[in-house]
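Residue numbers (my numbering): 10 to 218. Report on the structure given below.
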Amino acid sequence: MTTKQQLNEASKFLSYILRHEPQAIGLQLDSEGWGEIESLIAGATKIGKALDIRLIHAIVSNSDKKRFSISKDGQRIRAMQGHSTTSVNLNHFEKTPPEFLYHGTARRFLDSIRQQGLIAGTRHYVHLSQDVATAVNVGQRYGSPIVIKIEALRMSQQGFKFFQADNGVWLISGIPADQLTLDTYPSFEILKDLAITCNATPTECKNNR
Numbered sequence: 010m011t012t013k014q015q016l017n018e019a020s021k022f023l024s025y026i027l028r029h030e031p032q033a034i035g036l037q038l039d040s041e042g043w044g045e046i047e048s049l050i051a052g053a054t055k056i057g058k059a060l061d062i063r064l065i066h067a068i069v070s071n072s073d074k075k076r077f078s079i080s081k082d083g084q085r086i087r088a089m090q091g092h093s094t095t096s097v098n099l100n101h102f103e104k105t106p107p108e109f110l111y112h113g114t115a116r117r118f119l120d121s122i123r124q125q126g127l128i129a130g131t132r133h134y135v136h137l138s139q140d141v142a143t144a145v146n147v148g149q150r151y152g153s154p155i156v157i158k159i160e161a162l163r164m165s166q167q168g169f170k171f172f173q174a175d176n177g178v179w180l181i182s183g184i185p186a187d188q189l190t191l192d193t194y195p196s197f198e199i200l201k202d203l204a205i206t207c208n209a210t211p212t213e214c215k216n217n218r
């Protein structure tokens, strides 16, 4: 029986290979991110990673965030988004976002975000969630979580392009710091643990409990 720990470890390995370093196991990805499952398993085996078709299907079916997709013929697999490898350029279609979207991150990154805005870094896009709970879960991966509320619809109307991956994650190439200035955009909020809200400036946060 496959344990939860085994699924988590194998899922992290798939993310690493399919998003960032396919060459680490000699896997070839096409421009849409698809790689042959047979080659993936063979490459993993060569470096001592236990991976088989049963485990791959278990990872895909148990992923609540739908991180991976298997082709209709069952021969190929890809990550749905989050790529940094330059060989992949997924064809996401532009879409009008809802009024608000949310970006989950850690408190330690907040000063940098104030200065640089939200940048994709090594990824192709900044990832945004449609609800606060999902964004909190994302932020918790990196430390004490902070959720940034984005006026997505307003930004879209001003010309910013939003995309949505097949698994529902919203994508944008970046959000400039001036779009995150609290004095200029008072409806921008920072929520910590769903309890702290900043309505004006970072020094005017009030505990809403």
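Using N, Cα and C, we set each Cβ at its ideal position, and we do this for glycine too.
Given this structure, state the Cα-to-Cα distance separating residue i from residue j, to the nearest angstrom.
| i | j | result |
| --- | --- | --- |
| K75 | K21 | 13 angstroms |
| A128 | A59 | A small correction: the amino acid at residue 128 is Ile; Ala does not occupy that position in the sequence shown. Distance between the alpha carbons of I128 and A59: 35 angstroms. |
| G113 | M89 | 18 angstroms |
| K81 | I122 | 40 angstroms |
| L119 | Q125 | 10 angstroms |
| V97 | A33 | 15 angstroms |
| K55 | I79 | 22 angstroms |
| V69 | F172 | 23 angstroms |
| W179 | A53 | 30 angstroms |
| H101 | G91 | 12 angstroms |
| E103 | I159 | 17 angstroms |
| L23 | A67 | 12 angstroms |
| R163 | H133 | 22 angstroms |
| Y25 | Q149 | 19 angstroms |
| Q14 | Q188 | 40 angstroms |
| E18 | I46 | 18 angstroms |
| P185 | V141 | 21 angstroms |
| I181 | S48 | 32 angstroms |
| T12 | G83 | 24 angstroms |
| K170 | P154 | 26 angstroms |
| G57 | F77 | 22 angstroms |
Excluding five sequence neighbours on each side, which residues of the same chain lie with their C-beta closer than 7 angstroms to the C-beta of residue i?
| i | result |
| --- | --- |
| T131 | S93 |
| K44 | Note that residue 44 is Gly in the sequence shown, not Lys. If we look at G44 and ignore the five residues flanking it on each side, its Cβ neighbours are L27, P31, L36, Q37, L38, R85, I86, R87. |
| A144 | Y111, H112, G113, S138, V156 |
| H29 | S93, T94 |
| L16 | A67, I68, N71 |
Can you tell me which residues form a DSSP beta bridge with residue i?
| i | result |
| --- | --- |
| Q173 | W179 |
| A88 | F77 |
| S24 | Per DSSP, none; premise fails for S24. |
| L99 | Note: L99 sits in no beta bridge, so no partner. |
| S138 | Y111 |
| E45 | R85 |
| I184 | L127 |
Would you give the residue range spanned by the alpha helix (DSSP H) that residue i belongs to?
| i | result |
| --- | --- |
| H133 | Premise fails: H133 is in no alpha helix (DSSP H) and is neither H nor E. |
| K58 | It is not in any alpha helix (DSSP H) - K58 carries neither H nor E in the DSSP assignment. |
| I122 | 119-125 |
Determine the extent of the beta strand (DSSP E) in which residue i is found, giving its start and end residues.
| i | result |
| --- | --- |
| H29 | Here H29 belongs to no beta strand (DSSP E), and DSSP marks it neither H nor E. |
| I159 | 154-159 |
Looking only at its own chain, which residues have a Cβ that is under 8 angstroms from the Cβ of residue i, when we skip the five neighbours before and after it?
| i | result |
| --- | --- |
| I50 | L60, D61, I62, I65 |
| T193 | Since pLDDT at T193 reaches only 27, below the 50 mark, its modelled position is unreliable, and the value read off the structure follows with that caveat. Cβ within range, chain order: D187. |
Do residue j and residue i come within 8 angstroms of each other at the CB atom, strictly closer than that value?
| i | j | result |
| --- | --- | --- |
| G183 | V147 | no |
| P106 | S165 | yes |
| A174 | F109 | no |
| R116 | G168 | no |
| L99 | G42 | yes |
Between which residues of its own chain and residue i is the CB-CB distance below 6 angstroms, once the five residues before and five after are set aside?
| i | result |
| --- | --- |
| S72 | none |
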